[in-house]
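In this note's numbering, the protein residues as written are 131 to 388. Even for Gly, the Cβ is constructed at its ideal location relative to N, Cα and C. Read the structure below first, then the notes.
And the structure:
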């Protein structure tokens, strides 16, 4: 696999990324199709199963594709514990604005679903469609903070961080800054305008993001072409061959509806 490229942001962060160009148009007069941008999850990286699958899938379809690491993730600069939703949203906005051209279909996984919803506000003229996978909007407030006991809340106040166990490796270090910054970027307290084809994918066996989050997002979302697709027994990773194929199907549906 080719080495990642890098780009520096105005905030002094260096983002690692892989960019696959679109295939040349083979038919005169054919309008340029949107590119695809993958937005990864909390403490995940662009080398994950879904990101790599989508790179190969988009190449086969002749679509431009961007995958990148937020700061503090994967190959990008910075420490994870120094990051927050605001920083990672800035990273996403910068990457999409400077590394892609024309309309884009955003594919957001878990936290990337939250980031993608923020991008639909900030880059509304560039978003042609949206696919989310186990989207986790507002998780810092509605899952983490709401689930903390008194001792954990006191730890955040006194030592500025608390460790949470993870099924994906070492514990997550959750900082007070992450929680407080998350409150500045909540999206589910108001209607969520999505005036383009949108597909929400969620597994019924997701132990990390409750199905109620998907239902709440569906309730808040406004638009003419929005669908929530539940996949029986799929977990949060959503990375089985069957689930990966469904992501491709969702992108094809969005493309067909644009």
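As summarised for the stretch 174 to 258, the continuous alpha helix (DSSP H) elements at least 4 residues long and confined to that stretch are 179 to 191, 215 to 229, 241 to 252, given in chain order. 8 Å or more divides the Cβ of residue 249 from the Cβ of residue 287.
In this structure, the straight-line span from the alpha carbon of residue 294 to that of residue 154 is close to 47 Å. Between residue 195 and residue 165, the C-beta gap is smaller than 8 Å, which places the two residues in contact. In this model, residue 348 and residue 336 are separated by some 17 Å (Cα to Cα). In the DSSP assignment, residue 388 falls outside any beta strand (DSSP E), carrying neither H nor E. Under the three-state reduction of DSSP, residue 352 is assigned to strand. Taking residue 143 as reference, the option from 183, 193, 225 with the minimal CA-CA separation is 225. Counting the other Cβ atoms within 10 Å of the Cβ of residue 314 gives fewer than 16, which makes it exposed. When the five nearest sequence neighbours on each side are left out, the beta carbons in the same chain lying within less than 6 Å of the beta carbon of residue 282 are those of 292, in order along the chain. In this structure, the beta-carbon distance from residue 261 to residue 380 falls below 8 Å. Sixteen is the threshold: when 16 or more other Cβ atoms of the shown chains lie within 10 Å of the Cβ of residue 173, as they do, the residue is buried. Residue 180 sits buried, since 16 or more C-beta atoms from the chains shown fall within 10 Å of its C-beta. At a Cβ-Cβ threshold of 8 Å, residue 308 and residue 245 do not count as neighbours. Annotation: the stretch 271 to 358 contains the following complete segments of the beta strand (DSSP E) (minimum length 3 residues), in chain order: 291 to 294, 302 to 305, 328 to 333. By the criterion of a C-beta distance shorter than 6 Å, residue 203 is surrounded in its chain by 175, once the five residues flanking it on both sides are discounted. DSSP, read as helix, strand or coil, puts residue 375 in helix. Our two residues, residue 274 and residue 263, have alpha carbons roughly 19 Å apart in a direct line. The three-state reading of DSSP puts residue 380 in helix, counting H, G and I together. By the Cβ neighbour-count rule, residue 234 is buried, with 16 or more other Cβ atoms within 10 Å of its own. Counting only residues of its own chain and dropping the five nearest sequence neighbours on each side, residue 135 has a CB closer than 8 Å to the CB of 146, 147, 148, 149.
Membership of residue 146 in the beta strand (DSSP E) is indicated by the continuous run 144 to 150. DSSP lists 197, 237 as the beta-bridge partner residues of residue 168.
Under DSSP, residue 133 forms no beta bridge with any residue.
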